[in-house]
Each structure stands twice: as structure tokens, then as C-alpha cells.
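Chains as they are written, first to last, in my numbering: chain A, 31 to 143; chain B, 31 to 143; chain C, 31 to 143. Don't be surprised by glycine CBs; every beta carbon is placed ideally from N, CA and C. None of the values given here were measured: they were computed from a predicted structure.
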Amino acid sequence: MSITRMHSGARMSQIVVHNGVVYLAGQVGEGDDIAAQTTDMLASVDRLLAEAGTDKSKLLAATVWVADMAEIAEMNAVWDAWIDPANPPARACTEAAMVLPKFKVEVMVTAAL
Amino acid sequence: MSITRMHSGARMSQIVVHNGVVYLAGQVGEGDDIAAQTTDMLASVDRLLAEAGTDKSKLLAATVWVADMAEIAEMNAVWDAWIDPANPPARACTEAAMVLPKFKVEVMVTAAL
Amino acid sequence: MSITRMHSGARMSQIVVHNGVVYLAGQVGEGDDIAAQTTDMLASVDRLLAEAGTDKSKLLAATVWVADMAEIAEMNAVWDAWIDPANPPARACTEAAMVLPKFKVEVMVTAAL
Chain A
31 MSITRMHSGA RMSQIVVHNG VVYLAGQVGE GDDIAAQTTD MLASVDRLLA
81 EAGTDKSKLL AATVWVADMA EIAEMNAVWD AWIDPANPPA RACTEAAMVL
131 PKFKVEVMVT AAL
Chain B
31 MSITRMHSGA RMSQIVVHNG VVYLAGQVGE GDDIAAQTTD MLASVDRLLA
81 EAGTDKSKLL AATVWVADMA EIAEMNAVWD AWIDPANPPA RACTEAAMVL
131 PKFKVEVMVT AAL
Chain C
31 MSITRMHSGA RMSQIVVHNG VVYLAGQVGE GDDIAAQTTD MLASVDRLLA
81 EAGTDKSKLL AATVWVADMA EIAEMNAVWD AWIDPANPPA RACTEAAMVL
131 PKFKVEVMVT AAL
């Protein structure tokens, strides 16, 4: 089974596809608060899934990290409005610092083609 | 390849099945200490795997988070007694805060059907 | 679809193979600084992938944890020199404490056979 990689840089690929499963790199977003960052982050997920040939209705699993768990409700409000309500993924969310202190949220997802 | 989702809410599905792989949402447990919480958490994993049509002998990978790494031995004691000794999954365990401060441990697993 | 497990202990398997996908347990490395630990850790990944019948050119996704995000550049320098530049995996990296305070970095990867 072949592997397809897209947006590959020196460190990682943003998209890897193998055996009908799409693996995205961790996505962050720009914005002054976690709601804005979540909106921007999930727009990146949408864009990358589209490039891979799929969409959020086929999400399998998501790992979410928030820099401050006190802000999870604001992140979840954007998340809940974003997901396909008929097709939510498995998800876990824990607290962690991201690569840059400005980032308040990050997500890594897998989706079916 | 079709996707099956079970226990789907507004935010996530507890079970997603695709191409012979079962993805569970992050599971936590109730209890006064990490041993009790781990027991309760792994009972939820057992129950969800059964609903998906599989069991812990087919676990592929597990990501474990503990709120306080000083308690990992207590978690591991319950974990070691729980896994099928002939069929342990790949596993990683790091320290992280969970969605509520009361939660001392969380696990996200994938299993084969 | 059968499951193959290698280096299985009382707690986890270092290698699990199912349906053309290899799941490795979280790998750490020995060494006085994060660069040395990353080199040792990635040597373990190479060795385990070889035992599973694959190699780093078939990596699908990697989750990296660093104990101190201030050291990510040193980790990335080793990572960037290690990966197959034509075939980088999807990756996310967050900050977390590992099982022992001496460990500065850990990685959990999946690869195609």
C-alpha cells in the first residue's frame, strides 16, 4: 500500500495518506484568544482534509491540547459548532504547552478518505 | 470503507470504527485515588471495546496521561493486572492535566476488530 | 487481520503490527542532554522499525514530547538530520514530563509496513 505525502518540509509532512487513512500534522492557529485560534486551526484542518480528498465528516480521532485547561469551554464552543454533528470523531483533550507560548490550542487528527 | 460511530454526542464519539480499527475517545474514571480511577477507567474501556465487537486482547496502542507522574506506579499496578499478558498494546505515558482537576489518569486506545 | 506483537513485556509491547501498520511504544533515550537523548531514542526507533520489517522512510505519524520546550531546537536539529527528507511523517510536539525526570524527550510513532 503506497504512502502519499503533501506539504512536506524538512521536519514533517502536513498530510500523510496510507491505506485509506489521512494523518495530519498538529495544527495550531493565529488569533488573540483561544476561540479565534481554534477557529483558525480548524480552518486549517478543513483545508488540509480537502487537499487530501476528504472532509470533517470522516474524522476518526482527534487529540487536542490546550495550554490552559481553564479555557477549554471557549475552545469547545468553537469545536462543537465546527464538527459535523452526525459524525463526531473520538477525541481526547489534555493540557500541554505548545511549541510557542502564543499558541493556546493544537489538534492532531486522523480521518478516513 | 464505511465508518461506524457509537455513543456520539455533540462533541465526540466514544467509539469510531473504520477499516478494522476501533478508536475510543479518551476515557477517565471516578474514584478517590488513581488506583480506583484506573480500575473504573479500564472498565469503561472494556465495556466500549465489547460494544465495538472486540476486547483488550486486540489492543493496538494506548496513550496514557497521568496528572502526577509520582503516582504512575499505582496506575501501572492496575494496568499490569488488567492487560491480557499475552497481548499487551504499544503504550506511551506522559504527565498532563486532564479536563477536570479531579481526574488523575486518562487513556486513549485503538484496537483491532 | 492478524496482530503481531514483538518485545512484549508485562506492561506493553514495543512493536504491534496490524493491517500493514506498525505501532511502536513510546521511545526514550539515554544521554546527558536532549540532543544525545534524541539520537539514542531515534536509534531505538530505527532498530524497532527494522525488526518490524520497515524503516523511517515509511513513517506515517509521530507524537513527540519534550520536557522543556526551550530545548525543542536542539531536539529538532537531530530530528531533521534523521528523517528521510523525501518522506517526513505527520508530527505534533508538545511539552510534557516523562516517566522519569531524567528523560528530556519521548516519541511514539506509527509506520507503514
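Below 7 Å on C-beta distance, what does residue i contact in chain B?
| i | result |
| --- | --- |
| C:W95 | T124 |
Quick one: what does DSSP say residue i is sitting in, helix, strand or coil?
| i | result |
| --- | --- |
| C:E136 | strand |
| B:A142 | strand |
| A:R35 | strand |
Using a Cβ-Cβ cut-off of 7 Å, state whether residue i counts as contacting chain B.
| i | result |
| --- | --- |
| A:M99 | yes |
| A:G50 | yes |
| A:D110 | yes |
| C:A142 | no |
| C:I102 | no |
Name, please, each residue of chain C whose Cβ falls closer than 8 Å to the Cβ of residue i.
| i | result |
| --- | --- |
| A:E136 | A122 and T124 |
Any C-beta of chain C sitting closer than 7 Å to the C-beta of residue i?
| i | result |
| --- | --- |
| A:A91 | no |
Going along chain A, which residues have a C-beta under 9 Å from residue i?
| i | result |
| --- | --- |
| B:G56 | T93, A120, R121, A122, C123 and T124 |
Please compile the residues from chain A whose C-beta is within a distance smaller than 8 Å of the C-beta of residue i.
| i | result |
| --- | --- |
| B:A66 | Correct list: empty, because the minimum Cβ distance to chain A is about 20 Å. |
Note down, in chain order, every chain C residue with its Cβ under 7 Å from the Cβ of residue i.
| i | result |
| --- | --- |
| A:V46 | L90, A91, P119 and A120 |
| B:P115 | A40 |
| A:Q77 | Here the sequence assigns Arg to residue 77 of chain A, which means Gln is not the residue at that position. The contacting residues do not exist; A:R77 stays about 15 Å from chain C at best. |
From the beta carbon of residue i, is the nearest beta carbon of chain A less than 7 Å away?
| i | result |
| --- | --- |
| B:M105 | no |
How would you list, in chain order, the residues of chain A whose beta-carbon sits under 7 Å from the beta-carbon of residue i?
| i | result |
| --- | --- |
| B:M128 | T124 |
| B:S43 | P118, P119 and A120 |
| B:M31 | G50 and A142 |
Under 6 Å: does the beta carbon of residue i sit that close to some heavy atom of the ligand NAD?
| i | result |
| --- | --- |
| B:M71 | Because no ligand of any kind appears in the structure shown, any question about the ligand NAD cannot be addressed here. |
4-residue-minimum alpha helix (DSSP H) runs that sit fully inside the stretch 43-126 of chain B, ordered along the chain | Fully enclosed alpha helix (DSSP H) runs of 4 or longer: 64-82 and 102-112.
Between the stretch 110-125 of chain C and the stretch 54-61 of chain A, do three or more beta carbon pairs fall short of 8 Å?
-> Enough Cβ pairs lie closer than 8 Å, so yes.
Is the stretch 101-113 of chain C touching the stretch 61-80 of chain C, taking contact as three or more C-beta pairs under 8 Å?
-> Yes, since at least three Cβ pairs between the stretch 101-113 of chain C and the stretch 61-80 of chain C fall closer than 8 Å, the two stretches touch.
Would you check if the stretch 124-141 of chain B and the stretch 81-93 of chain B touch, i.e. whether three or more CB-CB distances between them fall below 8 Å?
-> Because the criterion of three Cβ pairs below 8 Å is met, the stretch 81-93 of chain B and the stretch 124-141 of chain B touch.
At least 3 beta-carbon pairs within less than 8 Å: the stretch 31-51 of chain B vs the stretch 126-139 of chain A = The stretch 31-51 of chain B is not in contact with the stretch 126-139 of chain A.
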